[in-house]
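First up is the structure itself, then whatever we jot down about it.
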Amino acid sequence: SFALGKKHTCLDLERVGELGDSVLERLIADGGLEQLPVAGAAEDPHPLLRSDCGHYIWMRKYFHYEQSVAARLRRMAMSTSAFAFDEASLEERFADLEDTDEQKHAVRLACTRRLAIITGGPGTGKTWTVANLIQVLLDSNPDDDIRIGLAAPTGKAAYRVHESLQDAMENLHLDDERF
Numbered sequence: 005s006f007a008l009g010k011k012h013t014c015l016d017l018e019r020v021g022e023l024g025d026s027v028l029e030r031l032i033a034d035g036g037l038e039q040l041p042v043a044g045a046a047e048d049p050h051p052l053l054r055s056d057c058g059h060y061i062w063m064r065k066y067f068h069y070e071q072s073v074a075a076r077l078r079r080m081a082m083s084t085s086a087f088a089f090d091e092a093s094l095e096e097r098f099a100d101l102e103d104t105d106e107q108k109h110a111v112r113l114a115c116t117r118r119l120a121i122i123t124g125g126p127g128t129g130k131t132w133t134v135a136n137l138i139q140v141l142l143d144s145n146p147d148d149d150i151r152i153g154l155a156a157p158t159g160k161a162a163y164r165v166h167e168s169l170q171d172a173m174e175n176l177h178l179d180d181e182r183f
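So for the sequence shown, our numbering puts the first residue at 5; every next one is plus one.
What follows is the structure in structure tokens.
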């Protein structure tokens, strides 16, 4: 439950000292955790699993949830989008801009796949890229009802993403009543 409280699906045994749990520390010291089945190996009814390297333990159900989500994300990332993609719209958006090859590639990839994850540190152009992505999708599909999902870890972060995107759309003079 310590790991779950920290929003992790497994417990990092390298950080077990932070728990202050003497029972778990004794289990580790006595080699008791080595008796746990390895995650992903043959089915075993034990409620706990350990990684093959021995650094992590999972509750069985959370390991299976994690594997299920990962498999679904892989399938989505490899499947093509149901929406049209107009290369000319992409080229028009990026025509007069320098040093945007990575953003342009991200937009092209996101327009052609069912799932795209755009990451980067502060000030790397994530919001700008997503705003242009949305506009390219809208331009490429003028008659379609497009739904775009954005994810954030908290309600406050989701509000901030939405607010930033609206600002970016206005600053880039991108406008569409569907946004």
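Every residue gets a Cβ at the ideal spot worked out from N, C-alpha and C, and that includes glycine. The structure presented is a predicted model; accordingly, all values stated were derived computationally and were not measured.
Looking at E167, A74, D90, the one whose alpha-carbon comes closest to that of T116 is D90. Here I61 carries a strand assignment [DSSP, helix/strand/coil]. By the neighbour-count criterion, in which 16 or more other beta carbons inside 10 Å mark a residue as buried, C57 falls on the exposed side. Taking 8 angstroms as the cut-off, the beta carbon of L77 is found no closer than this to the beta carbon of R64. Taking C-beta atoms under 8 angstroms as the contact rule, T131 and L169 qualify, at a distance of about 6 angstroms. In the three-state reduction of the DSSP assignment, L119 falls in the coil class.
The DSSP-derived three-state label of L53 is strand. Around the C-beta of Y69, fewer than 16 other C-beta atoms lie within 10 Å, and the residue is accordingly described as exposed.
When DSSP reads this structure, L15 sits in a beta bridge with I61. DSSP, read as helix, strand or coil, puts T131 in helix.
Judged by beta-carbon spacing, D16 lies within the 8 angstroms limit of Y60, meaning their Cβ atoms are closer than that value. In its chain, beyond the 5 residues on either side, no residue has a beta carbon closer than 8 angstroms to the beta carbon of H12. For the 8 angstroms CB-CB criterion, A88 and S144 form a contact.
Cβ contact annotation for L113 (same chain, cutoff 8 angstroms, sequence separation greater than five): A120, in chain order.
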